[in-house]
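Residue numbers (this note's numbering), protein chains in the order written: chain A, 34 to 653; chain B, 34 to 653.
All C-beta atoms in this analysis are idealised placements derived from N, C-alpha and C, irrespective of residue type, glycine included.
For reference, the structure discussed in these notes is given below.
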């Protein structure tokens, strides 16, 4: 027992040592933020957690999430001591092509998500802990938080939800080192204030007074912390820069590396502070291996072959088609889970909930936490479909961005697209969602116009594992125009109307497909023939194929979209089709909408059939 | 006293009556969410608040913010009873062109901000309350919250900050009606749970058991609620749908209006529930007018005439030039306040703080709250400059969107643009900020490349009151290339290199201007002449002027930007310049970046001089 303590003290010393040499070599990095949590990391990884260092993805490993992602060096140092990262690689920290980035991404194989934007880790942990509950796994999820990030609202969303779901397999640890980047935190070292707040929320809360002492942490973490139905949080009082006297508990050292000239002095300081702990200890550490559990074999995604069988009416809102399809996909794929932000009766996620109540997770009005929860689910092999009003996804923009950086393949569904929602007014209209989702690396954006295309595109989402897939759904009912014979693909589109006499191509998507079809009919009566394309895949665009589909004589195009002009379909096409000598008229929403009926909205914003007709004629 | 109570009961009855007739006429609206807070609204507006209904913008009026914006009808009904909105106008609710939208926007003149995206109002209130503290005004700010929105993280950011700033002039009221849109809230009617949480945070907290009884609310709100240095919150137990038996405390009525056929029955139900309160009361109400205070006269914005005087070095990071300029503008304009999210030593907002400590507001790591706080400041006549890392503005995307809808002219500054930040890695790089800010209605986007242009562009921001202005700053130092003689304007750009022999125009902005200049020099040595344009204003683009500046023979353009391909400068130019027969090569970031030096980053992502040279040559 005593030997173990000495061993852990030496581990903490080594973690500090490697942190210093890595960051000094790199010339940058958050040294003091690592130093404060050296003992926490030592005790968690080498005493508390049950996991197999040689099998990181083991189904029942305890999970660790470094929410304070800037402390990346110490995590890399841990995995060096676990034998998985060489010293040589450690010294590539922050260099081009190194897996050891300034903040952890999933290029480093021993994390489940990218961190570095603060306040995200706890929500990811909730997803992992809920997965354990759902699949009867016994692993625990540990999340290490900085105290500065406790001011992020996403943390509080997570605190509330963890209590709601009674996550007694979730353990949060706050590295309370008091000092943020530029100033002291609001709460400072008043651990009791945190404790009162967390306990009031319903968390089981411990204060660890001496968070840079191995024995104190061993005592705290190894006691029986389990309280049925309650998540646990430790407030650990630490010293920022602990273990190196010249920077300990001082401001002005955040995010700064020591200079190479200082290194000798710093390492001497480190050694002096460590005392005996700087010496190797005769202790043969063995990993605390996880219990084996029998888990479901991973199955390949099963898609819906015959969407026609799902729909019996002539018209469906695509949001409703989403709900129906998701429930059916849920029958075929046991890994699908549904997360919705207290709008399930608007997004129609409630259809899935009715069919699969145990795989539906009500996330309440807390979009940030919902998206990061989905990351946690995804990292453990579930297939999360996240849904809310498209516009409220802006609330989770940063979380989606981080999921994209971490290559967590989320399926995200935004309903109530565009001005076509009508009377509720601008605050409820998704008019920037395409622009936002398009900036996510490796994302695809799918935009169905009817029920059949919704189902087909959801098949594609299910099979897309290279990034985030986004489905944009519509509030209004639209007529079914496709049948089982229509194929859909990434980068695809459908030519709905075509003749040899076409003079202009009208490209619509979602609700505007129907305005395009109406315009087509009216123009036909005036002997103006137009081609109509349903661009159901907004990203990526297969420009070559699209250009060849437009091959009427003049290559005149009218693009009409229920989205702001910026970053939407039109702007994407201007760039994509630039090499093909086309002329594009772009109809899109360009002023702040007001309340009005859906029809009035489309007229007011010039994305209706009349505007299309006018635009088509303007070419001549 | 008794007569007052009867009067207020009748007011509550009338508020319900008008809510019902407005929503029935409109065919939609959130009736039950209004009904629950009828007594709260009656007591606040007709008994508690000190304000002049005939002078809404009075400097010392108590302010009211309807954070639960879907209860808009009852706010409109209040202002009808206050004599400012006719019954005829009430019945235009949700109709095209009506000022009475589904959720309040500032087209309705009696609100300070648009609401309808949940969890924003409290933060706006903090901005207003801080303004009162700053300017020694005695008004109070009241914020009415729904209980469903308490799950939004932004609320918790606000709770923490309000305590930090000791806002004893801020009163929050939670309409605890238990029922959300589709399900019960996590806390339900457990008012004590809320109370424990709020008290633990340091709020002064009252529970009102009978929130649909005038007397209970009068008692609660009119007692001495003032506790020095503490904000106050009331948890008011109400019934969703109160006052109409057929919908009271029932699920399935959220966001639903009664049918016109039902109206008679509903109004009968309402009258029966109201009893005597349905009858007019002989009571002559007079507004509780605010105390007059002497306030500073509003001054016109004063700009910096000679930016050269601010800078003495050859090189500055534009982020530092921002800090220097802001401090100077702060000397000239007493209304400027600075808000920063715990990165003041990175954004250089700390230079302003040092010069004007009382007008600097540390917002900690809580970007959502910061942006909405700025809305509150702006609504009271201050000129807030909000700064943080550009990428972390994604955290407040929804709050900026709502500010844009509400026409609150914020000045927003995002630092650490692009891959050029270097080693910190992708989580810290703003690569989607232009796309995001461009979708904000009436926004302008300014992107300086040196210190002088930073100062000049900040002059423009100061004078721009039609929407949000965004300044994108760079981490690295860049050489000063402008002097006092250079003029800057919205929609403007500068031609930095020009000859009659130019064969290609290179358009850069910010850091890429310098890559463009280097490429220009190198190409010149090969006798390839290029024009170089600094596109310091990304939105709006003066396309005609820009096209005429490009008028070399071939109209070949290379656009190079440190931003993702989607929604950035390139895509904006493809559309803007489409009518001018140009050919554009677009160099932008197109894959997830990794840690590397700034120079390496630009090479890896093909936005450096070499990539530009290659792109220029590809035209021939």
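{"Query": "Pair within 9 Å by beta-carbon distance, residue 138 (chain A) and residue 438 (chain A)", "Result": "yes"}
{"Query": "Residue-level contact to chain A via CB, residue 498 (chain B), 9 Å cutoff", "Result": "no"}
{"Query": "Any chain A beta carbon closer than 9 Å to residue 451 (chain B)", "Result": "no"}
{"Query": "Residue span of the alpha helix (DSSP H) that contains residue 298 (chain B), given as start and end", "Result": "296-307"}
{"Query": "Proximity test, Cβ basis, 9 Å: residue 607 (chain B) and chain A", "Result": "yes"}
{"Query": "Identity of the residue in B:112, B:575, B:601 and B:392 nearest residue 701 (chain B) by Cα", "Result": "The structure shown does not extend to residue 701 (chain B), since chain B spans only 34 to 653, so no value can be given for it."}
{"Query": "Same chain, Cβ closer than 8 Å to residue 29 (chain B), neighbours up to 5 away in sequence not counted", "Result": "This structure cannot speak to residue 29 (chain B), because chain B is shown only from 34 to 653."}
{"Query": "One or two residues paired with residue 209 (chain A) in a DSSP bridge", "Result": "A:270"}
{"Query": "Contact set between the segment 569-583 of chain B and chain A, restricted to residues whose Cβ is under 9 Å from the partner", "Result": "572"}
{"Query": "Within-9 Å CB hit, residue 435 (chain A) to chain B", "Result": "yes"}
{"Query": "Residue 345 (chain B) burial status per 10 Å Cβ neighbour count (16 or more: buried)", "Result": "exposed"}
{"Query": "Minimum C-alpha distance to residue 15 (chain A) - residue among A:354, A:352, A:396 and A:347", "Result": "A query on residue 15 (chain A) cannot be resolved here, the shown segment of chain A reaching from 34 to 653 and no further."}
{"Query": "Nonlocal neighbours in the same chain, by C-beta distance under 8 Å from residue 48 (chain B), ignoring five residues either side", "Result": "67, 71, 74, 75, 107, 110, 111 and 114"}
{"Query": "Residue 333 (chain A) classed as buried or exposed, judged by whether at least 16 other C-beta atoms fall within 10 angstroms", "Result": "exposed"}
{"Query": "Test: residue 197 (chain B) CB closer than 9 Å to a CB of chain A", "Result": "yes"}
{"Query": "Residue of A:285, A:194, A:231 and A:98 minimising C-alpha distance to residue 217 (chain A)", "Result": "A:285"}
{"Query": "Cβ-based burial, residue 130 (chain A) [other Cβ within 10 Å; buried from 16]", "Result": "exposed"}
{"Query": "Selection of the segment 37-65 of chain A by Cβ proximity to chain B, strictly under 7 Å", "Result": "59 and 61"}
{"Query": "Buried/exposed call for residue 40 (chain B), threshold 16 Cβ in 10 Å", "Result": "buried"}
{"Query": "Beta-carbon proximity check, residue 350 (chain A) vs residue 381 (chain A), cutoff 9 Å", "Result": "yes"}
{"Query": "The segment 206-224 of chain A / the segment 358-368 of chain A touching (three or more Cβ pairs under 8 Å)", "Result": "no"}
{"Query": "CB contact below 9 Å: residue 461 (chain B) versus chain A", "Result": "yes"}
{"Query": "Chain-order list of residues whose beta-carbon lies under 6 Å from that of residue 182 (chain A) (same chain, five-residue window excluded)", "Result": "151 and 152"}
{"Query": "Cα-Cα separation, residue 402 (chain B) to residue 229 (chain A)", "Result": "23 Å"}
{"Query": "Contact set between residue 508 (chain B) and chain A, taken where Cβ atoms lie within less than 8 Å", "Result": "Ordered by position in chain A, no residue passes the 8 Å Cβ test against residue 508 (chain B), which lies about 12 Å from the chain."}
{"Query": "Interface residues of chain A facing residue 472 (chain B) [CB-CB closer than 8 Å]", "Result": "464, 465, 468, 469, 597, 599 and 600"}
{"Query": "Beta-carbon proximity check, residue 36 (chain B) vs residue 96 (chain B), cutoff 9 Å", "Result": "no"}
{"Query": "Proximal residues of chain A, C-beta to C-beta of residue 655 (chain B) below 7 Å", "Result": "Absent from the structure is residue 655 (chain B), since the part of chain B shown begins at 34 and ends at 653."}
{"Query": "Contiguous alpha helix (DSSP H) assignments of at least 4 residues, all confined to the segment 596-625 of chain B", "Result": "602-609"}
{"Query": "8 Å contact criterion, which residue 524 (chain A) and residue 573 (chain A) should meet: CB distance rounded", "Result": "5 Å"}
{"Query": "Straight-line Cα distance separating residue 293 (chain A) from residue 61 (chain A)", "Result": "11 Å"}
{"Query": "Sequence-distant residues of its chain with Cβ nearer than 7 Å to residue 116 (chain B) (five each side left out)", "Result": "86"}
{"Query": "Min CB distance residue 616 (chain A) to chain B below 9 Å", "Result": "yes"}
{"Query": "Beta strand (DSSP E) segment containing residue 227 (chain B), residue limits", "Result": "Unbroken run through residue 227 (chain B) is the alpha helix (DSSP H), 224-234; no beta strand (DSSP E)."}
{"Query": "Neighbour flag for residue 477 (chain A) against chain B, beta carbons, 9 Å", "Result": "no"}
{"Query": "Integer-rounded CB distance, given that residue 270 (chain B) should sit under 8 Å from residue 656 (chain B)", "Result": "Here chain B covers residues 34 to 653 and nothing more, so residue 656 (chain B) does not appear."}
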